[in-house]
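A quick write-up on the structure given underneath.
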Amino acid sequence: MIELVSESRCIKCNICVNICPTNVFDRVADAPPTIARQSDCQTCYMCELYCPVDALYVAPESDVTASVNEAELVEVGLLGSYRENIGWGHKRTSTAKADQTFQILKQMK
Amino acid sequence: MLKTLTTDFELDLEADVLVIGGGPAGTWAAWSAASSGARVVLVDKGYCGTTGCAAASGNGVWYVPPDPEARETAKASRESLGGFLSDRSWMDRVLDQTYANVNQLAEWGYPFPTDDEGKPYRRSLQGPEYMRLMRRQIQRAGVKILDNSPALELLVDNDGAVAGATGVNRQTGEKWIVRSQSTIIATGGCAFLSKALGCNVLTGDGYLMAAEAGAEMSGMEFSNAYGISPAFSSVTKTLFYNWATFTYEDGTVIPGASSHRRSIIAETLLQQPVYAIIDKAAESMRPSMRLAQPNFFLPFDRAGIDPFTQRFPVTLRLEGTVRGTGGIRIVDESCASSVRGLYAAGDAATRELICGGFTGGGSHNAAWAISSGYWSGKSAAEYSRSLGEYKTQRLVLGVGEVGLQSGSDRSQPLATDEVIQAVQAEVFPYEKNYFRTEQGLTESLGKLNHLWQELRSSQVTSDKELIRAREAAAMVATARWMYSSAIERKETRGMHKHQDYPELDANQQHHLISGGLDQVWVKSQPLSIEKPLSKIGAAV
Chain A
1 MIELVSESRC IKCNICVNIC PTNVFDRVAD APPTIARQSD CQTCYMCELY
51 CPVDALYVAP ESDVTASVNE AELVEVGLLG SYRENIGWGH KRTSTAKADQ
101 TFQILKQMK
Chain B
1001 MLKTLTTDFE LDLEADVLVI GGGPAGTWAA WSAASSGARV VLVDKGYCGT
1051 TGCAAASGNG VWYVPPDPEA RETAKASRES LGGFLSDRSW MDRVLDQTYA
1101 NVNQLAEWGY PFPTDDEGKP YRRSLQGPEY MRLMRRQIQR AGVKILDNSP
1151 ALELLVDNDG AVAGATGVNR QTGEKWIVRS QSTIIATGGC AFLSKALGCN
1201 VLTGDGYLMA AEAGAEMSGM EFSNAYGISP AFSSVTKTLF YNWATFTYED
1251 GTVIPGASSH RRSIIAETLL QQPVYAIIDK AAESMRPSMR LAQPNFFLPF
1301 DRAGIDPFTQ RFPVTLRLEG TVRGTGGIRI VDESCASSVR GLYAAGDAAT
1351 RELICGGFTG GGSHNAAWAI SSGYWSGKSA AEYSRSLGEY KTQRLVLGVG
1401 EVGLQSGSDR SQPLATDEVI QAVQAEVFPY EKNYFRTEQG LTESLGKLNH
1451 LWQELRSSQV TSDKELIRAR EAAAMVATAR WMYSSAIERK ETRGMHKHQD
1501 YPELDANQQH HLISGGLDQV WVKSQPLSIE KPLSKIGAAV
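Here the protein sequences come in this chain order: A and B. Numbering-wise (the numbering used here), the first sequence opens with residue 1 and increments by one. Numbering-wise (the numbering used here), the second sequence opens with residue 1001 and increments by one.
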């Protein structure tokens, strides 16, 4: 579930509020959005993809909350890792072009 | 009172075509209607671009070049799996339309890869990229999008034809009404808030609204799809479990368990935890797997697990009718429902026509979303033109009931969360839904019917609760059509496994049509449906 809206990184664009499929966030005037309905989070990671500054972190646990530490996430390279993996973000190229599904399906038989 | 919903609106719009749902089917519908010259409004409960199960995922597509041999193989490959309920003429037209539209995606700039012979490879779509592109394309085509705006009920005119919908913006609380000549339901299937990847927006809302307007369902017994995911995670992606070994906790291999024989996994999970390890994937394949489905690895990387070398616990999450094949009954090639002015597309519509009683993630569903979306958009636009001036003069009425209207003045406040947990308790357990029995289904239906009565006689106390109350009602209604149909199909066919009737019965090679709200009904229908394009808009 969504566990972190980084105070230091968030630019208050509220894109996450707008794009979350299950309406987890609430916008707050002059402040980062709050995680208002955490239990509605479906752990789809879409908010992370749309966050332009890698301020969000979705923990992999989908049914229970997890505690996270921002500094540690940055250190191990997990903050923004999904966006990097699929090539979303400024000056990145979508990795859809490098999709190797055809290699996988060849092995299936 | 909440019924003022139909009289007091902050946003009042008119459209030729209203599309409800902003996933692949909804966006293709909106695009094709707008391209036919219609004024189109698309509303989504979430955000068009991230909503639905396709956006969050990697999607295989049933994309087969028009080579007779390849097409024949594609058609034949799944017929037995689907229990011989599919229709070859529908397969042909879906294959044709999907081929054309996926090529259209390439023209729009979707970054398809090339295979090792340097040819474009178009059988796989990365969800976030695909849906971002679709949003951009429909905006270019002039579609007006209302995000975060769930539809709550359909509008119907004096003759019973559907004439738009009303709903609410879940963030601002503003109520909206869209009066339209035709309406397309593209709200996806129902996964009962199981947290399967991207599926929690899929609560059967469209089925409920359609049924309230008089539409019928088909194939609701094919509603027990379960996807494999790590036990802690939402990522239900089954492809890579082809290379998995499934074991008990002590590491002993579970005999017969595989991604194709999920029932053995389900049986084991009833007794004890099940572990998996993707150890059959050759070292050389592993980088390709990461490039093919980056989000498969996301939960592992974050949990510090190497799925190729470390065992991890797995579970099966219900995907219900999302990767089942039931949905709103389609009566002709225009993707019309049995109600005038109402069309259905994607997972909200039955997919029995192309895959009978069995599907999986992506593939056929993705192809169906594209092609049924495209056809419903075109047909809805055509129907709307045929109405001419009459269109704006209609008196319309909202037809939503349960969750919107109170039963009486003495109604109890609705305990929505409890209703949702109660319906989940009937549809999640493998022993009830995966392995069905006459007795189990009957007991579940008793409880579900009781829940429906409870919803019927309860009152929603605030506008804020409206959306969840309607979702709860939709889930209960969906479960009742599912289990009522499952009881009628006294055999094992497609994904429907009936413990009391473990064999396929040649005498039951028919569709099961269902419907009704207070009184649920089921009847059988011979396989062939009306083949030629019926007169657009004619009620059937």
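Just so it is clear, CB atoms sit at the ideal spot from N, CA and C, and this is done for glycine as well. Quick caveat, the model's predicted, so the values are computed rather than measured.
A straight-line Cα-Cα distance of about 34 Å links S81 (chain A) and I1467 (chain B). Of the other Cβ atoms in all chains shown, 16 or more fall within 10 Å of the Cβ of H1496 (chain B); this residue is therefore buried.
Rounded to whole angstroms, the Cβ separation of E1129 (chain B) and A96 (chain A) is 5 Å, and the two are in contact under 8 Å.
A residue is called buried once 16 or more other Cβ atoms fall within 10 Å of its Cβ, and I11 (chain A), having fewer, is exposed.
At a cut-off of 8 Å between beta-carbon atoms, N1148 (chain B) makes contact with chain A.
Contact fails between the stretch 1233-1240 of chain B and the stretch 1504-1521 of chain B, because fewer than three Cβ pairs, one in each stretch, are under 8 Å apart.
By the Cβ neighbour-count rule, L1085 (chain B) is buried, with 16 or more other Cβ atoms within 10 Å of its own. With respect to I1145 (chain B), L1042 (chain B) sits close: the two C-beta atoms are nearer than 8 Å.
Of B:E1283, B:W1375 and B:N1224, the smallest CA-CA separation from L1316 (chain B) is found for B:N1224.
Rounded to the nearest whole angstrom, the CA to CA distance from E1352 (chain B) to P1526 (chain B) is 13 Å.
Residues of the stretch 1189-1215 of chain B whose Cβ lies closer than 8 Å to any Cβ of chain A, in chain order: K1195, L1197, G1198, C1199, N1200 and V1201.
Separation of the CB atoms of W1031 (chain B) and A1141 (chain B) is rounded to 5 Å, and the pair is thereby assigned contact status at 8 Å. With respect to the C-alpha of G1167 (chain B), the residue from B:R1480, B:D1008 and B:P1413 having the closest C-alpha is B:D1008. Secondary structure of I19 (chain A) (DSSP, three-state): helix.
In the DSSP assignment, R1262 (chain B) falls outside any beta strand (DSSP E) and lies within the alpha helix (DSSP H) extending over R1262 to L1269.
When the five nearest sequence neighbours on each side are left out, the beta carbons in the same chain lying within less than 6 Å of the beta carbon of R1493 (chain B) are those of G1083, G1357 and L1504, in order along the chain. At a beta-carbon threshold of 8 Å, the residues of chain B lying near L78 (chain A) are D1301 and R1302, ordered along the chain. At a beta-carbon threshold of 9 Å, the residues of chain B lying near I86 (chain A) are Q1126, P1128, E1129, P1294 and N1295, ordered along the chain. Sixteen is the threshold: when 16 or more other Cβ atoms of the shown chains lie within 10 Å of the Cβ of R1123 (chain B), as they do, the residue is buried. Pairwise C-beta distances place the stretch 1292-1301 of chain B out of contact with the stretch 1264-1276 of chain B, as fewer than three of them are shorter than 8 Å. Residues L1105, W1108, G1109 and Y1110 of the same chain have their beta carbon placed closer than 8 Å to that of L1133 (chain B), with the five preceding and five following residues left out of the count. Bridge pairing for V24 (chain A): absent [DSSP]. Of all residues in the stretch 32-52 of chain A, the ones placed with a Cβ closer than 9 Å to any Cβ belonging to chain B are D40, C41, Q42, T43, C44, Y45, M46, C47, L49 and Y50, in chain order.
The beta carbon of T1350 (chain B) sits closer than 7 Å to those of S1218, G1219, T1325, G1326, G1327, I1328, R1329 and I1330, all from its chain and outside the five residues before and after it, given in chain order.
Residues of chain B whose Cβ lies closer than 8 Å to the Cβ of N18 (chain A) are, in chain order, Y1047, D1147 and N1148.
Under the three-state reduction of DSSP output, Q1509 (chain B) falls in the coil class, being neither helix nor strand. Of all alpha-carbon atoms in B:E1069, B:H1364, B:K1045 and B:N1200, the one lying nearest the alpha-carbon of V1094 (chain B) is that of B:H1364. With 16 or more neighbouring CB atoms inside 10 Å of its own CB, V1476 (chain B) falls in the buried class.
At a cut-off of 8 Å between beta-carbon atoms, K91 (chain A) makes no contact with chain B. In the three-state DSSP reduction, D1279 (chain B) falls in the coil class, being neither helix nor strand.
Here N1295 (chain B) carries a helix assignment [DSSP, helix/strand/coil]. When the alpha-carbon of Y1099 (chain B) is set against those of B:S1514, B:S1371 and B:S1528, the nearest one is in B:S1371. Three or more Cβ pairs drawn from the stretch 1056-1071 of chain B and the stretch 1196-1208 of chain B lie within less than 8 Å of each other, which places the two stretches in contact.
Per DSSP, D1417 (chain B) is one residue of the alpha helix (DSSP H) stretching across T1416 to V1427. Following the DSSP letters along the chain, one finds Q1525 (chain B) inside the beta strand (DSSP E) bounded by residues W1521 to Q1525.
Residue nearest to V58 (chain A) within the set B:A1033, B:D1016 and B:F1300 is B:F1300 (criterion: CA-CA distance).
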